[in-house]
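Residue numbers (mature numbering (1 follows the signal peptide of the UniProt record, and there is no 0)): -27 to -1, 1 to 514. Data block below; observations after.
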Amino acid sequence: MRNKTRHYSTLLGAISLASIAVRPAFAQEVDPSTLGDDFRIMHHEPLNNIRFSTPGASGNSRIAAKRAAATTVLLKAFGKQFDLALEPNDQLVANLPMAQKNRLKKSMRLYKGRLTGVKGSWARINKAGEHITGAFWDGKELYIIDRSDDVAKAIAGKQFAKVAAQPYSLIYKLSETESDATCALDPKVKSIHKFQKLVGELQTRAKALPATTRQLDVAIVTDAQFTQANSANPQAAVVARMNVVDGIYSDQVGVHINVSEIRALTNDGAMTSTSSTTLLNQFSSFTTVPGFNNPGIAHLFTSRNIDGSTVGIAYIGALCSKGYGVGLSQVTGTGTAGALTVAHEMGHNFGAPHDSQSGSACASTPGTYVMNPFLNGSSQFSPCSLQQMSPNIAKAACMTNTNNPPTPIPTPVPTPTNNADVRPVFLFNPINTNVSKNFTYRVEVRNGGMGAAKNGSVNISIPVGLSVYGATVSTGFSACTNTARLLSCKFATLAPNTTKAIAISLRTGAKPVRLISTVKVTASNDSNATNNIGKEAIDVR
């Protein structure tokens, strides 16, 4: 097992969200939790006899519906029983394109909740068939559940042979992990996991942030290496980690994370570099071309071996910036624990600098939180990090109010308002097709608001070079018209959290070309005009 020294770039300063006149600063760090040769699970226990149970429906009220959706998970580990009270976390993927969302629903179930009777706890669980993964926090310790074959390289000592023989579900504590990571910028910092300190520190966390009432859409791109490494279902691999990221941000920052796009690349195109800074620049360029919508943060999951020791890099204070609200994480080899890398890098986008680093606004903060210069496996933001992020959250135009503010299970869901939030969603972007060929261009219209969208319209530009042969629309659309290469369709209503689709039959010309179609969606009671326009790239080869 090789031993690496971990190096980090200095923080150059934060940028203003109001004016991006200069290149933003970035933070570059290493997360041993994503490296099989440095991250070691010293002790774990197999998970047997995991019990899932649901009480079932009784009555027709909203309370009854919520009660019917509730799930109880009982598991035994480390000499005690854990009772998890869960409910579906469908909101995490509600803004994905319909086809992608339906595939995920068939392959896995996402849950959120808490430990029964444990104040300040949270849980995020993923269930795929008979296997579960995820994490839960009991106020003192973060427990991680994984499949043994996903963390085999991190299993220490003689336990590795058992893991390799027959995969099984396991659980471990992050306090019972080790890492060789050190900070080259500050030799006084030692990479010693002292998770027990979190007990006292957690009691002094910042209390100024509100309960979870805000939400942020995040776009995830996986490079070809990550897609290949998770070829069975790369979208499920992303969502399993993002469910845990949502747990961290919902509990501590007051922001729900919604995954609005997962683009699994099979060809990295211009994103070829293994230099972290160059790759970040290449990814930033990727997110600014027509056909890609950065809704607030875009993050790259990579499984390539980044040069040197870096496994994470992100721009600081760039929330809602189309060009700079980006980051990347090297996610390989340790399953669910890789979510901590992503949470750390997104923390920089939110405006959190490093804790316990000279020159940082949080220099005096102990080095046992998630924004420590070396990524130490902690899942907790320090009070200083929360203070630094709070102003950015307050003025973030890309955030919206949550449809369902958190309420104890099974209290009724608050009555929705009449506001709608309509936007275009693309199933594939870009569309790859050949010359002189018929193809289908599918556009979905999604209402992410709390009220039914009324008197809606969809206008789709048809680029010169494409011939229109017809259009098929979902029930509820009026007949579409095509005037001057602008296809216009109208709908009377669109219920909350539902989607309508338009499928256009097109034929390409005789020459290879990249074409751009602009889609604009409106409704008379739309509450958010910032996401009404989208662009679809069509690559004719």
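Glycine included, every Cβ here is placed at the ideal spot set by N, Cα and C. This structure is a prediction, so every number in the text was calculated from the model and none was measured.
Inter-residue CB distance, residue i and residue j (contact presumed, cutoff 8 Å)
i, j, result
"F256", "L301", "6 Å"
"T186", "T375", "6 Å"
"N322", "I270", "5 Å"
"E417", "V398", "4 Å"
"A56", "T45", "Looking at the sequence itself, residue 56 is Asp, so the reference to Ala does not match. That pair is a contact at about 7 Å."
"P268", "D190", "4 Å"
"N203", "A197", "Their Cβ separation, rounded to whole angstroms, is 11 Å, which puts N203 and A197 out of contact at 8 Å."
"L65", "V232", "6 Å"
"S497", "G443", "Rounded, the Cβ-Cβ distance is 28 Å, inconsistent with contact."
"L20", "I144", "5 Å"
"G285", "A108", "Not confirmed; about 19 Å, so no contact."
"I433", "V492", "5 Å"
Within 9 Å, strictly: CB atoms of residue i and residue j
i, j, result
"G308", "D119", "yes"
"T275", "I235", "no"
"V513", "T413", "no"
"V127", "W110", "This sequence places Ala at residue 127; Val is not what is there. Against a cut-off of 9 Å, the Cβ pair of W110 and A127 comes out as no contact."
"I117", "L147", "yes"
"V217", "A316", "yes"
"T150", "D123", "no"
"H272", "V299", "yes"
"G449", "K473", "yes"
"N75", "V212", "no"
"V446", "A465", "no"
"S246", "T283", "no"
"D394", "N501", "yes"
"T260", "A192", "yes"
Beta-ladder partner(s) of residue i, from DSSP
i, result
"P19", "L143"
"K92", "In the DSSP output, where bridge partners are listed per residue, K92 has none listed."
"F12", "Answer is none; F12 lacks a bridge partner."
"A393", "D499"
"V431", "C462, V494"
"residue 519", "Since the displayed the chain opens at -27 and closes at 514, residue 519 lies outside it and no answer follows."
"S440", "R480"
"A237", "T195"
"V486", "V513"
"G227", "Answer is none; G227 lacks a bridge partner."
"N374", "R187"
"R120", "S142"
"K85", "E60, R97"
"E318", "DSSP, once it has assigned bridges, lists no residue as partnering E318."
"V398", "E417"
"L301", "L273, I286"
"A426", "L467"
Buried versus exposed call for residue i [16 or more other C-beta atoms within 10 Å across all chains shown]
i, result
"G242", "exposed"
"R458", "exposed"
"S121", "buried"
"A468", "exposed"
"I511", "buried"
"P140", "exposed"
"K85", "buried"
"F12", "buried"
"R24", "exposed"
"N504", "buried"
"Q54", "exposed"
"N420", "buried"
"S258", "exposed"
"S409", "exposed"
"S490", "buried"
"T481", "buried"
"S451", "exposed"
"V437", "exposed"
"T456", "exposed"
"L(-17)", "Any reading at L(-17) must be qualified, since the residue scores a pLDDT of 29, below 50, and its modelled position is unreliable; the value itself is stated next. By the neighbour-count rule (16 or more Cβ atoms within 10 Å), L(-17) is buried."
"G324", "buried"
Any chain D beta carbon closer than 9 Å to residue i
i, result
"R396", "Here chain D cannot be found, since the structure has a single protein chain."
Unbroken stretches of the beta strand (DSSP E), 3 residues or longer, contained in the stretch 270 to 299: Taking only runs of at least 3 residues, the beta strand (DSSP E) segments lying wholly in the stretch 270 to 299 are 270 to 275, 285 to 288.
Identify every run of the alpha helix (DSSP H) within the stretch 45 to 79, keeping only runs that are complete inside it and at least 4 residues long; order them along the chain. Look at the stretch 45 to 79 and you find no whole run of alpha helix (DSSP H) that is 4 residues long or longer.
Going residue by residue through the stretch 92 to 118, where are the continuous beta strand (DSSP E) segments of at least 3 residues, counting only ones entirely within it? List check, beta strand (DSSP E) in window: 95 to 101, 104 to 110.
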